[in-house]
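First to last, the protein sequences are chains P and R. The UniProt record's numbering numbers the first residue of the first sequence as 1 and each following residue consecutively. The UniProt record's numbering numbers the first residue of the second sequence as 1 and each following residue consecutively. Where a beta carbon is used, it is the ideal one built from N, C-alpha and C, also for glycine. Structure first, then comments.
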Amino acid sequence: MDVLLNLFAGFASALTVSNLIFAAVGVFIGTAVGVLPGIGPALTVALLLPVTFKLDPGGSLIMFAGIYYGGMYGGSTTAILLNTPGEAASVVTALEGNKMARAGRGGPALATAAIGSFVAALVATFGLAFLSPIVVQIAVRFGPWDYFGLMLIAFVTVSATFGSSPLRGLTSLAFGLWLGLVGIDQLTGQARLTFGVPQLLDGIEVTTLAVGLFAIGEALHVAGRHLRNPEKPIPVKGSPWMTKEDWRRSFFPWLRGTLIGFPIGGLPAGGAEVPTFLSYNLERRLSKHQDEFGKGAIEGVAGPEAANNASAAGTLVPLLTLGLPTSATAAVMLAGFQQYNIQPGPLLFVQHADLVWALIASLFIANVMLLVLNLPLVGLWVRLLAIPLPWLYGGIMLFAAMGTVAANPSVVELLMLVGFGTLGFLMRKFDYPIAPAIVGLILGPMADSQLRRALQMSQGDPMILLQHPSSAVMIGLATLALVAPLIFKGLSKMQSDED
Amino acid sequence: METPSRSFNGPYVIVGVALLAVAAITVWDASTMRIRAQYGVGADAASYLIAGFLVLLAAGHFIGAFRKSDDLDAEPTDWRAIGWIALALTGLVSAIGLGAGFILGSTLLFAFTARAFGRRALLVDLLIGAALAVLVYFLFHGLLTLHLPEGPLERLL
Numbered sequence: 001m002d003v004l005l006n007l008f009a010g011f012a013s014a015l016t017v018s019n020l021i022f023a024a025v026g027v028f029i030g031t032a033v034g035v036l037p038g039i040g041p042a043l044t045v046a047l048l049l050p051v052t053f054k055l056d057p058g059g060s061l062i063m064f065a066g067i068y069y070g071g072m073y074g075g076s077t078t079a080i081l082l083n084t085p086g087e088a089a090s091v092v093t094a095l096e097g098n099k100m101a102r103a104g105r106g107g108p109a110l111a112t113a114a115i116g117s118f119v120a121a122l123v124a125t126f127g128l129a130f131l132s133p134i135v136v137q138i139a140v141r142f143g144p145w146d147y148f149g150l151m152l153i154a155f156v157t158v159s160a161t162f163g164s165s166p167l168r169g170l171t172s173l174a175f176g177l178w179l180g181l182v183g184i185d186q187l188t189g190q191a192r193l194t195f196g197v198p199q200l201l202d203g204i205e206v207t208t209l210a211v212g213l214f215a216i217g218e219a220l221h222v223a224g225r226h227l228r229n230p231e232k233p234i235p236v237k238g239s240p241w242m243t244k245e246d247w248r249r250s251f252f253p254w255l256r257g258t259l260i261g262f263p264i265g266g267l268p269a270g271g272a273e274v275p276t277f278l279s280y281n282l283e284r285r286l287s288k289h290q291d292e293f294g295k296g297a298i299e300g301v302a303g304p305e306a307a308n309n310a311s312a313a314g315t316l317v318p319l320l321t322l323g324l325p326t327s328a329t330a331a332v333m334l335a336g337f338q339q340y341n342i343q344p345g346p347l348l349f350v351q352h353a354d355l356v357w358a359l360i361a362s363l364f365i366a367n368v369m370l371l372v373l374n375l376p377l378v379g380l381w382v383r384l385l386a387i388p389l390p391w392l393y394g395g396i397m398l399f400a401a402m403g404t405v406a407a408n409p410s411v412v413e414l415l416m417l418v419g420f421g422t423l424g425f426l427m428r429k430f431d432y433p434i435a436p437a438i439v440g441l442i443l444g445p446m447a448d449s450q451l452r453r454a455l456q457m458s459q460g461d462p463m464i465l466l467q468h469p470s471s472a473v474m475i476g477l478a479t480l481a482l483v484a485p486l487i488f489k490g491l492s493k494m495q496s497d498e499d
Numbered sequence: 001m002e003t004p005s006r007s008f009n010g011p012y013v014i015v016g017v018a019l020l021a022v023a024a025i026t027v028w029d030a031s032t033m034r035i036r037a038q039y040g041v042g043a044d045a046a047s048y049l050i051a052g053f054l055v056l057l058a059a060g061h062f063i064g065a066f067r068k069s070d071d072l073d074a075e076p077t078d079w080r081a082i083g084w085i086a087l088a089l090t091g092l093v094s095a096i097g098l099g100a101g102f103i104l105g106s107t108l109l110f111a112f113t114a115r116a117f118g119r120r121a122l123l124v125d126l127l128i129g130a131a132l133a134v135l136v137y138f139l140f141h142g143l144l145t146l147h148l149p150e151g152p153l154e155r156l157l
């Protein structure tokens, strides 16, 4: 088994004392920031990227893996104890989890979330390890037209298919794509949209965009809406341990959630929201305790939490094997990899196999760390939740500024951060989604290069995209993903008109 | 449940106009590009493609503006709070732009942001902000050797 050998080699390089410390620190700060209300995993990763700037590549990757898994877990703690999910994927967890906490069963809710996340991430990371080499074998045969087709699918699914309004989603995407034009073109050296400003020649940093849109935009939005008296976190009372009954009721939801979450996370299907909703509905249908749903059913926490984490690992399959981010978090992760001069894609598996397998091993290590650290530290996370909003947002702004000037110490960069923050505020106010802009910024220039490589080979004939059956199918799928929701909307409108 | 009073979506018109303006800038920028690709299409192709996409979206917004829509933002915004955050960000940018350093800029940022969220004790928040900024500076500049903008205060430390 090649995979197992590679995995052993990965563990051999990842399992050193200093790396274990990096993993523990990563998980700890990832959870601590992820717990803070209003901070989702994408912002957690973006804010904490500077911490890993100066470490050696191995150490930074391992800390990064810890931050990623920690940030995911932190969100579920917030959802259970505070009922203000920092991200769409935790909305479902809040449904039953917060009810459980109110009923004095916060301990078991957190435990089933933590253990479910562990089980899901464990299974899904194995899935990642076994599936990735297969995807890579297919991907090495991809031509530029195939990549372009794949990116089209990702663009459409992230912006139009699952959002509330395709028009606003696509507008957000177009904004990101437009920002992606800024800077020196990789193929010709032509400067685009730089207006003679030297700081723009390198292009726009994904982290600056993400931190501006998410952190500053969110601060403006919350301040502008008078959300100053948030609910108090619910203290964790009673036994923190799960009873035998809890274990029995959680076990299969964990597995089913994993099975739903991993494949959907691996597809360009817009992140973890879809699988968590699917898992919740499935558990609700299968449960013997239907009457408890809506009042704090443990299955309703176990399943979606597992689905959430499994899809987080699933997202890494296209990210690592194709270099294709399918969520805002993955887009920020990709920006992080690029900062370490790692370009994910099939070549990475061939040229830097050691690095890839060390990263996958780090995910396993981070996952174990998460389980070991988190349950004992619940008291600390609860205290973090109780930080008054003025200081919380003051601190978020301070870290946002620090990360930006540390990456790029110029006033131009800060002005961009402020500009993106203002836009982020307006986008929230008028209900434009944020994630498509971030995915557009990082994927836009890649799609541009692939398209032009394809057109170089065909000497400018765009029909090359449709002459290859593989890319023709992908462009067809992208079109379908764009049109299908409109048709469904029309159908349901017709139906409701008849009613 | 329809509100007949708002049948015209003003923000959509503004977004539509903004999209057209951005498209125009993009086309103008592309028309000034002088480096040509030897094969296939040049760097300006993507600019024209995205400009076209922006024009389509602008059209979508103009059409959407005249449709009845229930997803308009009805919540009033507290502009005073927004103003305090604007002041916080101005404090940060000017402190760093004028060379007063990271710690002073972050202190202002923290205190004014806290003010935006309803805190009244500005002096206390300035002190907390300063303490946090010094801590962050030591952690990231000292421990992780990241370059943060230096001013007189940082050189003293």
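My output table needs one value for residue i: the three-state DSSP class, helix, strand or coil.
{"i": "Ile365(P)", "result": "helix"}
{"i": "Gly127(P)", "result": "helix"}
{"i": "Arg453(P)", "result": "helix"}
{"i": "Gly183(P)", "result": "strand"}
{"i": "Asp192(P)", "result": "Strictly speaking, residue 192(P) in this sequence is Arg, with Asp absent from that position. Of the three classes helix, strand and coil, the one that applies to Arg192(P) here is strand, per DSSP."}
{"i": "Phe162(P)", "result": "coil"}
{"i": "Phe293(P)", "result": "coil"}
{"i": "Gly440(P)", "result": "helix"}
{"i": "Leu316(P)", "result": "helix"}
{"i": "Ala141(P)", "result": "Note on residue identity: the sequence assigns Arg, not Ala, to residue 141(P). The answer is coil: DSSP assigns Arg141(P) none of H, G, I, E or B."}
{"i": "Leu7(P)", "result": "helix"}
{"i": "His352(P)", "result": "coil"}
{"i": "residue 505(P)", "result": "Absent from the structure is residue 505(P), since the part of chain P shown begins at 1 and ends at 499."}
{"i": "Ala131(R)", "result": "helix"}
{"i": "Thr3(R)", "result": "Note that Thr3(R) has pLDDT 44, beneath the 50 cutoff, so the model's placement of it is unreliable and the number below is only indicative. Coil at Thr3(R), not helix or strand."}
{"i": "Ser13(P)", "result": "helix"}
{"i": "Trp241(P)", "result": "coil"}
{"i": "Gln199(P)", "result": "helix"}
Count the other CB atoms, across all protein chains shown, that sit within 10 Å of the CB of residue i; report buried if there are 16 or more and exposed otherwise.
{"i": "Val356(P)", "result": "buried"}
{"i": "Thr208(P)", "result": "buried"}
{"i": "Glu305(P)", "result": "buried"}
{"i": "Arg119(R)", "result": "buried"}
{"i": "Thr52(P)", "result": "buried"}
{"i": "Val473(P)", "result": "exposed"}
{"i": "Gln459(P)", "result": "exposed"}
{"i": "Gln290(P)", "result": "exposed"}
{"i": "Thr26(R)", "result": "buried"}
{"i": "Ala437(P)", "result": "buried"}
{"i": "Gly424(P)", "result": "buried"}
{"i": "Arg36(R)", "result": "exposed"}
{"i": "Glu273(P)", "result": "buried"}
{"i": "Asp246(P)", "result": "buried"}
{"i": "His221(P)", "result": "buried"}
{"i": "Ala433(P)", "result": "The amino acid at residue 433(P) is misidentified as Ala; the sequence shows Pro. Result: buried."}
In its own chain, which residues sit with a C-beta less than 6 Å from the C-beta of residue i, not counting the 5 before and 5 after it?
{"i": "Ser106(R)", "result": "Ala133"}
{"i": "His468(P)", "result": "Trp145"}
{"i": "Asp354(P)", "result": "none"}
{"i": "Gly266(P)", "result": "Gly314, Val317"}
{"i": "Val332(P)", "result": "Ala42, Val45, Ala46, Ala210"}
Give me, in chain order, the residues of the same chain whose beta-carbon lies closer than 8 Å to that of residue i; leave out the 5 immediate sequence neighbours on both sides.
{"i": "Pro50(P)", "result": "Met402, Gly403, Ala406, Ala407"}
{"i": "Phe8(R)", "result": "Ala65, Phe66"}
{"i": "Val13(R)", "result": "His61, Phe62, Ala65"}
{"i": "Leu417(P)", "result": "Thr208, Val211, Gly212, Ile216, Ala400, Ala401, Thr404"}
{"i": "Leu373(P)", "result": "Ala24, Val27, Phe28, Thr31"}
Just the chain A side, please: which residues come within less than 8 Å of residue i by C-beta, in chain order?
{"i": "Val22(R)", "result": "This model lacks chain A altogether; the protein chains it does include are P and R."}
Could you check how far apart the C-beta atoms of residue i and residue j are, in whole angstroms? I think they sit under 8 Å.
{"i": "Leu414(P)", "j": "Val17(R)", "result": "Not really, about 28 Å apart at Cβ, beyond 8 Å."}
{"i": "Pro263(P)", "j": "Gly314(P)", "result": "7 Å"}
{"i": "Glu154(R)", "j": "Gly97(R)", "result": "15 Å between Cβ atoms; not a contact."}
{"i": "Leu451(P)", "j": "Phe148(P)", "result": "5 Å"}
{"i": "Val412(P)", "j": "Val236(P)", "result": "In fact, because the Cβ distance is near 46 Å, the residues do not count as touching under 8 Å."}
{"i": "Ala120(P)", "j": "Thr258(P)", "result": "4 Å"}
Exercise. Listed from N- to C-terminal order along the chain, which residues in the segment 101-117 of chain R have their beta-carbon within a distance smaller than 8 Å of any beta-carbon of chain P?
Worked result: Phe102, Gly105, Ser106, Leu109, Phe110, Ala111, Thr113, Ala114, Arg115, Ala116, Phe117
Problem set entry | Contact list for the segment 364-395 of chain P against chain R, Cβ threshold 7 Å | Leu389, Pro390, Trp391, Tyr393, Gly394, Gly395
Exercise. Between the segment 143-166 of chain P and chain R, which residues of the former have a C-beta closer than 8 Å to a C-beta of the latter?
Worked result: Ser164, Ser165
For this session: Determine which residues of the segment 122-133 of chain R have a Cβ less than 8 Å from any Cβ of chain P, and write them out in chain order.
Result: Asp125, Ile128, Gly129, Leu132, Ala133
For this session: Output, in sequence order along the chain, the residues in the segment 6-35 of chain P whose CB is closer than 9 Å to any CB in chain R.
Result: none
Problem set entry | Interface positions of the segment 136-157 of chain R facing chain P (Cβ-Cβ less than 7 Å), listed along the chain | Val136, Phe140, Leu144, Thr145, Leu146, His147, Leu148, Pro149
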